[in-house]
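The numbering of the sequence shown is this note's numbering, which starts it at 16 and goes up by one. C-beta atoms are modelled at their ideal positions from N, C-alpha and C, and glycine is treated no differently. All of these numbers come straight from a predicted model, not from anything done at the bench.
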Amino acid sequence: MKKLFGNAIVGQSGGPTAAINATLSGVIRGALECDAIEKIYGAKNGIEGVLARTIIDLSDMTEEKLSLLETTPAAALGSCRKKLPKNFDGENRKIFEDIIAVFKEYNIRYFFYIGGNDSMDTVAKLSRFTKEIGYEMHVMGVPKTIDNDLAGTDHTPGYGSAAKYIATTMQEIIRDTAVYTVKAVTIVEIMGRDAGWLTAAAALPSLYSDVTPDLVYLPEVAFDYDKFYEDIEKAFEKHPNVVVAVSEGVRTADGIYVGEGTQSGATDAFGHKYLSGTGKALELAVKDKFGCKVRSIELNLPQRCASHLSSKTDLDESVAIGRSAVWYAASGETGKMMIFTRMEGEKYEVGIDSADISGIANAVRSVPRSYINERGNGVTKECLSYIAPLIIGEPTLVYEGGLPKHFVF
16 MKKLFGNAIV GQSGGPTAAI NATLSGVIRG ALECDAIEKI YGAKNGIEGV LARTIIDLSD
76 MTEEKLSLLE TTPAAALGSC RKKLPKNFDG ENRKIFEDII AVFKEYNIRY FFYIGGNDSM
136 DTVAKLSRFT KEIGYEMHVM GVPKTIDNDL AGTDHTPGYG SAAKYIATTM QEIIRDTAVY
196 TVKAVTIVEI MGRDAGWLTA AAALPSLYSD VTPDLVYLPE VAFDYDKFYE DIEKAFEKHP
256 NVVVAVSEGV RTADGIYVGE GTQSGATDAF GHKYLSGTGK ALELAVKDKF GCKVRSIELN
316 LPQRCASHLS SKTDLDESVA IGRSAVWYAA SGETGKMMIF TRMEGEKYEV GIDSADISGI
376 ANAVRSVPRS YINERGNGVT KECLSYIAPL IIGEPTLVYE GGLPKHFVF
C-alpha cells in the first residue's frame, strides 16, 4: 500500500481525566517515531482549536516533557464539547469545509481525536466528509472517558484511575462514618449518566478489606423509593451507620432522573441534561422518611482528575493505545476507534486493535445485568473481578514543594 506522507494533528475533547494526557503522550510518541509523519501539531480546545487555528507544534517534545505529561491530569491541550452538524448540506457544509481548509493549510494527513462518545461522533463525521470530497487523510478516534461506556472496547483509558479514586475515597468515607454510634445515613453521589461503571467501583474495597458500601445503585436498574427505604431499614439492622453509593443518573421506572428536580433542566451541546443533585434529593427523602442524621457527598470533579491516585495500569495502557493509533493510521486505517481486547486466562492482559467508528459513535455500553445483584442494590463478585486489574499500580510522580508537578504547554 502507498504510504501517506504529511503532518498530523491531535486534539482532546470532552471531560478531562487523569489519563487523557498519557494518551496524548502516546500519540506524540507514535508520531515522532513514524517516518510518514513530518510534524505533529496539537489543536488547542479540540475541533474548536482547528477552526480557530489555535494550533501548536508538538514536534519538539522531549522524553522529560512527555514523561511529565503522562502523569499530569486534565487535558493539557484544552478541551471542548462542540457538536458538528449531522449532515453536510447547506450552511452545515461550510463548517466541514473550514476544517478541511485548515488541514490543507497545515498539510494535515492524519487527525487523532482523543475523547469519549460524543468525540467519536466527530471522528465519524469527519471521516465521512473527507471520503466524500476525496481529501486523502486518515481520521482516528482514541478512546477516553472515566464513564467506561464506549462500545466496542473492553474498557476505556481514564476509567481505571477514576475507579481507583472512587474505591479509595469510599473506603475512607466508610472508615470515617463507622466510628460513631449515632444512627446516620451517608449518601455518596458518583458520576455516571447512563452507565454505572464508576459507581460499581465503590464496592471494590470488599475484595481486600472488611468495608464496603451497604447499598450500590446504578442507572441500569430502575430506582424504586420504597425498595430503597426497605434496603436502608435492613442495613440499619447490621450497624447504625449506613453508606450508600449512587450514580448521578439513576432513574425511576418512568424514566425520570432522581436528581432532575434539583436541576434547571438545561442541556449541553449534545442535548444531555445537566445532572447532579441526586445525592441531595435522596438525602432529603431519607431525612423525611427516617428522621435520622443524613448527609450527601457529591464526589464531583475530583473523581475525574485525581492524578495523585491514578492507576499505573491505566496510564501505561493509555500511552500504548495512543501510540498504536498512529501505527494503525500510518498503515492505512481511517474512520476507526482504537480498542482494548481482554485476553482469556487468569492473568490480566489486553491487546490493542481498532474497530469501525460507525458501530461505536453514539452507542452506550452499559453495565451487564449479570454484574448487578438480583435486588438491584449491589454489584456481583464478577463485576468487581472485571474492574480490579484496571486500578493496579502507582506511577512515579514528580513533586515540587510537596505537590505533584504538572506539565503545561
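Using only CA atoms, which one of the options lies nearest to residue i?
i	options	result
residue 401	93, 140 and 222	222
residue 311	324, 323, 297 and 304	297
residue 331	409, 303 and 349	409
residue 161	351, 151 and 174	174
residue 294	306, 265 and 269	265
residue 351	158, 302 and 390	158
residue 165	371, 105 and 84	371
residue 170	339, 333, 422 and 395	333
residue 235	68, 406, 212 and 220	212
residue 247	355, 184, 393 and 313	393
residue 124	387, 25 and 319	25
residue 337	18, 48, 316 and 19	48
residue 412	86, 224, 44 and 76	86
residue 112	65, 97 and 79	65
residue 387	42, 399 and 376	399
residue 137	307, 207, 376 and 407	376
residue 53	345, 104 and 406	345
residue 18	237, 50, 414 and 366	50
residue 172	420, 117, 353 and 347	353
residue 404	417, 102 and 358	358
residue 306	244, 366 and 414	244
Is residue i helix, strand or coil by DSSP?
i	result
residue 248	helix
residue 210	coil
residue 187	helix
residue 317	helix
residue 192	helix
residue 390	coil
residue 404	helix
residue 384	helix
residue 411	coil
residue 36	helix
residue 41	helix
residue 175	helix
residue 378	coil
residue 368	strand
residue 294	helix
residue 181	helix
residue 279	The predicted model places residue 279 with a pLDDT of 46, which falls under 50 and marks its position as unreliable; any figure quoted below should be read in that light. In this structure, residue 279 counts as coil in the three-state DSSP scheme.
Could you give the first and the last residue of the continuous alpha helix (DSSP H) run that contains residue i?
i	result
residue 205	It is not in any alpha helix (DSSP H) - residue 205 instead sits in the beta strand (DSSP E) that spans 199–205.
Taking Cβ to Cβ, would you say residue i is nearer than 8 Å to residue j?
i	j	result
residue 99	residue 115	no
residue 32	residue 134	no
residue 189	residue 226	yes
residue 203	residue 217	yes
residue 61	residue 28	yes
residue 22	residue 121	yes
residue 73	residue 36	no
residue 385	residue 397	yes
residue 320	residue 67	no
residue 58	residue 422	no
residue 318	residue 148	no
residue 179	residue 325	yes
residue 438	residue 231	Given that the chain is displayed from residue 16 to residue 424, the structure contains no residue 438 and the question cannot be resolved.
residue 192	residue 258	yes
What are the boundary residues of the beta strand (DSSP E) that residue i is part of?
i	result
residue 24	21–27
Between residue i and chain D, is there a C-beta pair that is closer than 8 Å?
i	result
residue 317	The chain labelled as chain D is not found in the depicted structure, where only one protein chain is given.
(request) Identify every run of the alpha helix (DSSP H) within the segment 45–122, keeping only runs that are complete inside it and at least 4 residues long; order them along the chain. (result) Considered as a whole, the segment 45–122 harbours 61–67, 78–85 and 105–120 as its complete alpha helix (DSSP H) runs of no fewer than 4 residues, in chain order.
(request) Quick one: which unbroken beta strand (DSSP E) runs of 3-plus residues sit fully inside the segment 139–165? Chain order, please. (result) The qualifying runs are 153–158.
(message) For a minimum of 3 consecutive residues, which ranges assigned as the beta strand (DSSP E) are wholly contained in the segment 216–267?
(response) The segment 216–267 contains these whole beta strand (DSSP E) runs: 230–232 and 256–262.
(request) Give, in chain order, every unbroken run of the beta strand (DSSP E) that is at least 3 residues long and sits entirely within the segment 300–362. (result) Fully enclosed beta strand (DSSP E) runs of 3 or longer: 308–313 and 351–357.
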